[in-house]
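For reference, each letter of the sequence shown is one residue, going 721 to 845 in the working numbering.
By construction, the Cβ of each residue, glycine as well, lies at the ideal position given by its N, Cα and C atoms.
This report refers to the structure that appears directly beneath it.
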Amino acid sequence: MRRTYEERLKASKALESILEILRNGFVLVEGEKDAASLGECGINAVPVSGRPLSSIPAEGEVIILTDLDEAGDELAKILEMEFHSRKDVRKVDSLTRKKIGRLLNLVHFENFSEKLEKTKKELEV
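This is how it looks when you write it as structure tokens:
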């Protein structure tokens, strides 16, 4: 089903808003491939796999971008608990990952850059 101009415009604005949030937040992802894919889009992300969570210095707003699968959901819960308890963290955002998933039709963040480019082309207004 083809989107109307208004639908494409609304989705495009939502996507740009999310990208701005990601560029300004402290983004956590599962692995190196996820971080690399986000990096291709100008978003710095820190992979958490294989690292003690206590070794990850975070402050301000932490954005959790774990994969949108069962393992990613479980890890997101663990990360939320860990970073909510830190004094230097004022906000933990685990909802943006679901918004991105819907907008980009994305499950695994290692595909972020590819899905972003495809979606941007589809949304050209």
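Integer Cβ distance of residue i from residue j, believed to fall under 8 Å
| i | j | result |
| --- | --- | --- |
| F829 | V782 | Not a contact, Cβ separation roughly 15 Å. |
| V749 | L788 | So it is not a contact: roughly 12 Å between Cβ atoms. |
| E779 | P767 | That belief does not hold up - the Cβ atoms of E779 and P767 are roughly 18 Å apart, past 8 Å. |
| L739 | L843 | With a Cβ gap of about 12 Å, L739 and L843 do not count as contacting. |
| N825 | K811 | Wrong, their Cβ atoms sit about 27 Å apart, outside the cutoff. |
Contact test: residue i Cβ vs the ligand ZN heavy atom, cutoff 8 Å
| i | result |
| --- | --- |
| I741 | Because no ligand of any kind appears in the structure shown, any question about the ligand ZN cannot be addressed here. |
Alpha-carbon spacing of residue i relative to residue j, whole angstroms
| i | j | result |
| --- | --- | --- |
| E802 | T816 | 18 Å |
| F832 | L742 | 12 Å |
Endpoints, beta strand (DSSP E) assigned at residue i
| i | result |
| --- | --- |
| G751 | It is not in any beta strand (DSSP E) - G751 carries neither H nor E in the DSSP assignment. |
| R722 | Careful: R722 lies outside any beta strand (DSSP E) and carries neither H nor E. |
| K818 | That residue, K818, is in no beta strand (DSSP E); its alpha helix (DSSP H) goes 816-824. |
Host alpha helix (DSSP H) of residue i (start-end)
| i | result |
| --- | --- |
| L735 | 725-744 |
| A796 | 790-804 |
| K841 | 832-843 |
C-beta atoms of residue i and residue j nearer than 9 Å
| i | j | result |
| --- | --- | --- |
| I799 | S814 | Before going further, note that residue 799 is Leu rather than Ile in the sequence given. The answer is yes: Cβ separation under 9 Å. |
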